[in-house]
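**Student:** Below you'll find the structure I mean.
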Amino acid sequence: MASVKQVQITFDCADPERVARFWCEVLGYVAPSPPEGFATWDDFNRSLAPEDRGAWFACGDPTGAGPRLYFQRVPEGKVVKNRVHLDVRVGTGLVGEERLAVLEAECARLVALGAVRGKLLLADEENESCLLMQDVEGNEFCLD
């Protein structure tokens with residue numbers, strides 16, 4: 144049996160490039176170069192049939208350590224809570240007020256990029272504090 148070497152995370156969305164560029168800013172990811180023969184992604188999109196323009200976009204960890212993120216346009220909007228979400232690990236190893244300060248600072252940065260702040264879940268006997276958020280299209284994620 145073969146073992147999995149890489150994972151790609153796929154997002155269904157209305158505007159793939161917009162959502163991808165948001166996540167590039169969140170994670171420090173980069174968009175790939177346009178396909179060979181095209182100077183820009185806009186040039187590439189103009190070469191496609193109108194219905195295929197902007198149908199997908201991707202980004203990746205420049206170090207190669209993290210998974211590739213793929214964003215694909217779907218006709219339906221988001222209507223229910225995600226069954227899978229990303230935890231953006233900004234407070235790893237921190238506790239108490241120090242952890243809360245890091246979560247709040249990152250939240251402020253992401254809200255400026257178009258994210259929506261959700262509920263702050265304070266530490267309990269089993270878990271450290273985390274902050275629920277939504278990306279630019281309402282996909283839930285946690286600052287952890």
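Under the working numbering, the first residue of the sequence shown is numbered 144, with each subsequent residue one higher. Note that CB positions come from ideal geometry on N, CA and C, so glycine has one too.
Do L246 and G261 have their beta-carbon atoms positioned less than 8 Å apart in this structure?
**Tutor:** Against a cut-off of 8 Å, the Cβ pair of L246 and G261 comes out as no contact.
**Student:** If we count Cβ pairs, one from each stretch, closer than 8 Å, do we get three or more for the region 178-185 versus the region 204-221?
**Tutor:** The answer is no - the region 204-221 does not touch the region 178-185, with fewer than three Cβ pairs under 8 Å.
**Student:** Just tell me which of L170, L263 and F200 has its CA closest to the CA of R232.
**Tutor:** For R232, the nearest C-alpha among the options comes from L170.
**Student:** Hey, quick one: how far does the alpha helix (DSSP H) through A251 stretch, first residue to last?
**Tutor:** It spans G239 to A255 - the alpha helix (DSSP H) in which A251 sits, taken as one unbroken run.
**Student:** Going by C-alpha distance, which of S190, Y172 and C285 is nearest E179?
**Tutor:** E179 has its Cα closest to that of S190, out of S190, Y172 and C285.
**Student:** Can you name, in chain order, every residue of its own chain whose Cβ lies under 8 Å from the Cβ of V238, other than the five neighbours on each side?
**Tutor:** Excluding sequence neighbours, V238 sits near A266 and E271.
**Student:** For P159, which residues in the same chain have their Cβ closer than 8 Å to its Cβ, ignoring the five residues on either side in sequence?
**Tutor:** Same-chain partners within the cutoff: G197, A198, W199, F200, F214, Q215 and R216.
**Student:** Please state the DSSP three-state secondary structure of A163.
**Tutor:** A163 falls in the helix class under three-state DSSP.
**Student:** With DSSP run on the structure shown, which of helix, strand or coil describes F181?
**Tutor:** Of the three classes helix, strand and coil, the one that applies to F181 here is coil, per DSSP.
**Student:** Pick out whichever of L286, E249, D195 and D204 has its Cα sitting closest to the Cα of Q149.
**Tutor:** Out of L286, E249, D195 and D204, D204 has the C-alpha closest to the C-alpha of Q149.
**Student:** Excluding the 5 residues preceding and the 5 following E283 in the sequence, name in chain order all residues of the same chain whose CB lies nearer than 6 Å to its CB.
**Tutor:** These residues qualify, in order along the chain: N225, H228 and Q277.
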